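In the UniProt record's numbering, the protein residues as written are 1 to 70.
Here the structure comes first, spelled out in structure tokens, and everything after it is commentary.
This is how it looks when you write it as structure tokens:
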């Protein structure tokens, strides 16, 4: 399991993360990224089954609002 961090201040609500990893990311009422299972958390351990999708979201995020521990 990888540790994932989101940085809401960087989010521009482009929708990419939610599109490629909808089981992990969603947007709040203001259009800012958050975790589906832990909406108030800034960090979350990603299940192995979702690592590929989260890695794609990380790579495609234009403002680097998603950070993965290596």
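For every residue, glycine included, the Cβ atom is placed at its ideal position computed from N, Cα and C.
These numbers come from a predicted model, not from an experiment.
Beta-bridge annotation (DSSP): residue 33 is paired with 27. Residue 16: member of the alpha helix (DSSP H) spanning 16–20, first to last residue. Residues of the same chain with a CB within less than 6 Å of the CB of residue 20, apart from the 5 flanking positions on each side, are 53, 56 and 57 in chain order.
The beta carbon of residue 31 sits closer than 7 Å to the beta carbons of 13 from its chain, once the five residues preceding and following it are set aside; these are given in chain order. The closest CA to that of residue 65, considering only 9, 46, 40 and 24, is found on 9.
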